[in-house]
Amino acid sequence: MSMKDTNSNIPLKLFLYLIAFTILAPLVILVLWTFTSRWPWPNLFPTSFSLRALEEVFAPYANLLPTLVSSILLSLTVALLSAIVGTMTARALVFYDFFGKGLIKLLTMAPNIVPGTVFAMGIHVVFIRMSLADTLVGVIIVHLIYTLPYSINIMRDLTSSIGQQMELQAYVLGASPLKSFIYITLPLLAPGVLASMNMAYITSFSQYFLTLLIGGGKIRTLSTLMVPFIAKGDRSIGSAYALIFVLSTLTIFIVMDRVIKRLSFRNKEENL
Amino acid sequence: MNKKTPYILIMPIVLLGVLFIYGLVNGIIQSFGYIPALDLGNFTLDYYIEILKDPTFIDSLKVSLKISIISSILAMVLGTILTTALVYTGHTEGKTLQIIKLAILIPHTIVALFSISLLSQNGLIARLFYNLGFISAQGDFPLLLYTENSLGIILGYLWKEVPFVAYFSLALMNSINKTLGEASENLGASRLKSFFYITLPLSMPAISKAFLIILTFSFGAYDLPFLLGATMPKALPVQAHLEYMHPDLRYRPYAMAMNGLILAVSWTMTGIYYLVKKKKGIKGDVHERY
Amino acid sequence: MELELKNISVKLSNKEILKSINLKVNNGEFISLLGASGCGKSTMLKTIAGIIKQNEGSILLGGNLADKIPAHKRKTVIVFQDFRLFPHMTVAENISFPLKMMGTNKTKCREKAIELLEKVQLKGFENRHIDELSGGQMQRVALARALAAEPTVLLLDEPFSSLDINLRKNMRELVLSLQKEYKITTLLVTHDQEEALTMSHRIAFIHNGQIEQYDSPENIFKHPVNTLVADYFAEGVYIDGDIIDNKFISGLFTLDANKDNGKYKCLVRPLAVKVKKAEKGCFKVLDKIFQGDNYLLKLSNIDKKLNLESIISAPVDILEGDLVDVDLDKERLIFIPE
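Right under this line is the structure:
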């Protein structure tokens, strides 16, 4: 039915364009604000442009580059751990019966029905006692907990659709269980690993409250650096940070896509 | 292959799960006033009773419920229309879908920035209204940010959640439309009837699941109300955080009691969803991807 | 109702699926569209039903142009392979769905549903849920629902392929008896040649988006126009030769053949080959394969390098390695012009 182009589709098409416009317009404005030096009321366009906002965020005292790098590394670590734990948990849930399976299933969904603020305040006291508060490890753990539901879901769908037959075949042909997993199943899981890493990365990279509370201001990310400017209503600096946020995320996504494709491709070649 | 294998595989999730539950239970215990470190050793419901009597809290609860219910209902309706538009105009993949995905990737903190540059009294929409002659001064533009009506927050949520609902329910509606929708048209249903009798009701499992996710999320979320909310009343999570950060540690049980009530409301919403689902016999489970 | 396809061409995502299809179906006729999967036969059904729009050509229903009639008003009703019953409705609601769409009132809808359920031998099933039905029952409900839509042309898309063999026979009989009773023009899409041969008045054999032959079951089986059609029904050995003055002459043998002069291929199917044990027979039995009721013999004529197969009914005293004489059953030989 979708192939046909009839008159009844015109309102729907208009709605679609309206939504696309609503999504894209603020992004364009973001770019405009980043390069604006003066945009007085009631002008619809800036009256003059400059690199002032970018100069300011890239100034040494703003600490952008070190924060950006450590922020990216933090979120990449979370993404990688999330994909690994997700893959492991998904395997256990799909292929095995074990004691407490129902509980684990429930547990994987739990962060979805416990708001981050509620959990963060509860765990904060525990972390202080365990000396995990204000540490990188502590922040990684809470980010990880909130990314896992997605990773497990994605990996569970994929694991059950791939099944175990091919891996068992390799096992029967003489590969050790670990080798048959690495050479056979892992390349097939690559798209899922990429999807869960993307999802976990963006969830971690966007995290403001969890990072602020558990990191106690000591662990700085791009989000914690950017939000005070948004809170102040500083459109120029806020937009510059936001632009860096969006562009760095897209870059990381492209890099992750390349790396994972190459890794899974190399595995396939070794199989031959 | 080995009996021990599954237990090795679930070790990390069990460790993290234990930590998660520990944190949660710890918070709940504190909400009943049991914090030995602060010489508070009695289990009591007093903190709950007190905050339930406190008009500040009640106002916070009201504003949080208002934001989440209005934004979620609107997002569900508009999101369903968007899904329909994507399915019926054949945009189920490609560039349009990439744009929709983009909105899902942008964090709420940046959405707050969008709201500020578009919706404030000297924002772009106010300027547009001025240039079109709808208003004659900045002050004529309605106050949408940092105010009790919370419209800026609601619009911010809509910006993210309308695409989310569409993305979440797209696959199901598309496959229903291609099979059962096609069959119903073949049996004499006009497009409109086919949509309302077949495609829409059968897409409801995904749509209602998306609704539950955004409803509970927006009720417990911090970022948008923190950045765009009024000084009074504050949304519940913001208010709870404020109590939590109070220099006098004896305020902490109040924060935890607020968290307990946030949890109670979220779980009630979830419970109602499953009850309605069971009663209506909505079949098929859809995985979550928010 | 009479149905005619004139020069129908369909392209889907830039691939030509149907190429200038011409097909005329008389009122009340039962036609099979036979062909391997991917030949375009299902696309043809959807095009007739208006679900897919043709790029060229026209469809006529009862002599009138139907191209402008939208899918939901064509009354060309498909019974899909996967049944496509609505899972959120009961059996009766499914069946009365098309009536509801016509604006029929509730009581009438229900009466009609009950009546149709009886027709498809599912009396008392009206309040069942779809997920309580077996495959065969779903098929019957789908059929009843299609009949409720008062089709002028009934389109069956591989309706029996998902059923097991025992059920299939019952369903075929049910479909045939209903088709006779309602006298509905019916098109059956199938890849099963036996189904096509036993059920239809005429068969359209489709290959690669084109109709290769459109004929009665007997004619299409006995007089295939080319090797594609011939091979689809039963395989055999081809012998090249010429027909001159009603005689087929090849390097191997000469036979009477009532055909126009020209180059021909003679198709020798296993059932056309009769064997008799003979001390000095000119064929040797290479292999003897048990097939249940019959044996398949693989024969070879060593000096002329001709391999034949023969099906003979068991029991038989011929053994592997025996020499036999071969006799060809002239009635069963097929001559295909080149």
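Residue numbers (this note's numbering), protein chains in the order written: chain V, 3 to 274; chain B, 1365 to 1654; chain Z, 2 to 339.
The beta carbon of each residue, even a glycine, is placed where N, CA and C say it ideally should be.
So with Cβ pairs under 7 angstroms, would you call residue i a contact of chain V?
i, result
"ARG1614 of chain B", "no"
"PHE1575 of chain B", "no"
"LEU1425 of chain B", "no"
"PHE1384 of chain B", "yes"
"ASP1587 of chain B", "yes"
"LEU1508 of chain B", "no"
Would a C-beta distance cut-off of 7 angstroms place residue i and residue j closer than the cut-off?
i, j, result
"LEU86 of chain Z", "ILE53 of chain Z", "no"
"SER1432 of chain B", "PHE1583 of chain B", "yes"
"PHE17 of chain V", "ALA1574 of chain B", "no"
"PRO68 of chain V", "ASN114 of chain V", "no"
"GLU213 of chain Z", "LEU188 of chain Z", "no"
"LEU46 of chain Z", "GLU5 of chain Z", "no"
"ILE1474 of chain B", "SER1533 of chain B", "no"
"GLY58 of chain Z", "ASN27 of chain Z", "no"
"THR36 of chain V", "ALA242 of chain V", "yes"
"ALA1501 of chain B", "GLY1443 of chain B", "no"
"TYR1608 of chain B", "MET123 of chain V", "yes"
"LYS120 of chain Z", "CYS110 of chain Z", "no"
"GLY194 of chain V", "LEU170 of chain V", "no"
"VAL190 of chain Z", "LEU34 of chain Z", "yes"
"ILE1463 of chain B", "ALA22 of chain V", "yes"
"TYR1586 of chain B", "PRO1597 of chain B", "no"
"TYR265 of chain Z", "PHE336 of chain Z", "yes"
Identify whether residue i lies in helix, strand or coil by the three-state DSSP scheme.
i, result
"GLN122 of chain Z", "coil"
"GLU280 of chain Z", "coil"
"ILE1431 of chain B", "helix"
"ASN200 of chain V", "helix"
"LYS7 of chain Z", "strand"
"GLY1405 of chain B", "strand"
"ARG93 of chain V", "helix"
"ASN28 of chain Z", "coil"
"LEU1379 of chain B", "helix"
"THR49 of chain V", "coil"
"ASN65 of chain V", "coil"
"SER39 of chain V", "strand"
"PHE249 of chain Z", "strand"
"SER1630 of chain B", "helix"
"THR1595 of chain B", "coil"
Across which residues does DSSP place residue i in a beta bridge pair?
i, result
"CYS267 of chain Z", "Z:ILE240 and Z:PHE336"
"GLN352 of chain Z", "Here chain Z covers residues 2 to 339 and nothing more, so residue 352 of chain Z does not appear."
"ILE290 of chain Z", "Z:LEU297"
"TYR1398 of chain B", "B:GLY1405"
"ASP158 of chain Z", "Z:VAL190"
"LEU324 of chain Z", "Z:LYS285"
"THR255 of chain Z", "Z:ILE250"
"SER178 of chain Z", "Beta-bridge pairing links SER178 of chain Z to no other residue."
Just checking residue i against the ligand PLP - is the residue's beta carbon closer than 6 angstroms to any of the ligand's heavy atoms?
i, result
"LEU320 of chain Z", "The model depicted lacks the ligand PLP and carries no ligand whatsoever."
Flag residue i as yes if its beta-carbon sits less than 7 angstroms from any beta-carbon of chain B, otherwise no.
i, result
"GLY218 of chain V", "no"
"ASN11 of chain V", "yes"
"ILE186 of chain V", "no"
"ILE74 of chain V", "no"
"ARG85 of chain Z", "yes"
"LEU46 of chain V", "yes"
"ALA64 of chain V", "no"
"TRP43 of chain V", "yes"
"PRO99 of chain Z", "yes"
"VAL80 of chain V", "no"
"ARG93 of chain V", "yes"
Beta-carbon within less than 7 angstroms of residue i's beta-carbon, same chain only, minus the 5 sequence neighbours each way: which residues are those?
i, result
"GLY252 of chain Z", "none"
"LEU1592 of chain B", "ALA1476, SER1479, LEU1509, TYR1510, GLY1516, ILE1517 and GLY1520"
"HIS145 of chain V", "VAL80, SER206, GLN209 and LEU212"
Leaving out the 5 sequence neighbours to the left and right, which residues in its chain are closer than 6 angstroms to residue i when beta-carbon positions are compared?
i, result
"TYR1561 of chain B", "none"
Apart from the five residues just before and just after residue i, which ones in its own chain have a Cβ nearer than 8 angstroms to its Cβ?
i, result
"LEU123 of chain Z", "VAL92, GLN138, ARG141, VAL142 and ALA145"
"LEU82 of chain V", "MET199"
"SER1630 of chain B", "THR1580, PHE1583 and GLY1584"
Can you check whether the C-beta of residue i is within less than 7 angstroms of a C-beta belonging to chain Z?
i, result
"SER1670 of chain B", "Nothing can be reported for residue 1670 of chain B: it is not among the residues displayed for chain B, which extend from 1365 to 1654."
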